[in-house]
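Peer 1: Just dropping this structure here.
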Amino acid sequence: MMIIKTLKYRLILTLLISFFLSFTSVYAASQFEWRVLLHFAGKQRMLTQKMSKEILLMAKNIHFEENKHNLQKSSIHFEWTLEGLRNGSKRLRLIKTQNLAILEQLTKVAQSWKKFHKLVKSALAQLVIN
329 MMIIKTLKYR LILTLLISFF LSFTSVYAAS QFEWRVLLHF AGKQRMLTQK
379 MSKEILLMAK NIHFEENKHN LQKSSIHFEW TLEGLRNGSK RLRLIKTQNL
429 AILEQLTKVA QSWKKFHKLV KSALAQLVIN
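Take 329 as the starting number for the sequence shown in our numbering and just add one per residue.
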């Protein structure tokens, strides 16, 4: 469980850094685009916390199937959002990122996500424990 906690904090830190770097960039985005971007950057942090909680509840066999389903949905949503923050997404109304500093930070987030996602997939592969 310590690995999950460490990965979660590294992922959150990387997301926060990318969030603050986005303010220092000289990027002409509309007010609406910034609102959407900030919303999803914050949602990324929330999703990592939510997935961690769902894994822990599964480990304690609390509403196992419900939490497993929620974990899968949260994982997919995180991936869509990460991809959208990097490359834009019409579905999520996110613009493509042009700023190199932000792209570098999103690459770090993607690397942290790969490690965390392995734990998520492992949890999703678990059967109900009785």
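We put the CB at the ideal spot given by N, CA and C, even for glycine.
1. What first and last residue would you give for the alpha helix (DSSP H) that runs through residue 455?
2. Would the beta-carbon of residue 395 fall within 7 Å of that of residue 382?
3. In this structure, how does DSSP classify residue 422 when only helix, strand and coil are distinguished?
4. By how many angstroms is the C-alpha of residue 402 removed from the C-alpha of residue 374?
5. Give the straight-line distance between the Cα atoms of residue 444 and residue 431, rounded to the nearest whole angstrom.
6. Residue 420 and residue 310 - do their beta-carbons sit closer together than 7 Å?
7. Alpha carbons only, please: which of 422, 407, 452 is nearest the one belonging to residue 438?
Peer 2: Quick answer:
1. Per DSSP, residue 455 is not a residue of any alpha helix (DSSP H), being assigned neither H nor E.
2. The beta carbons of residue 395 and residue 382 sit closer together than 7 Å.
3. Residue 422 carries a strand assignment under DSSP once its states are collapsed to helix, strand and coil.
4. Roughly 10 Å separates the two Cα atoms.
5. Straight across, the Cα-Cα distance linking residue 444 with residue 431 is about 20 Å.
6. Lying before the first or after the last residue shown, residue 310 is absent from the chain, which here runs from 329 to 458.
7. Per the Cα distances, 407.
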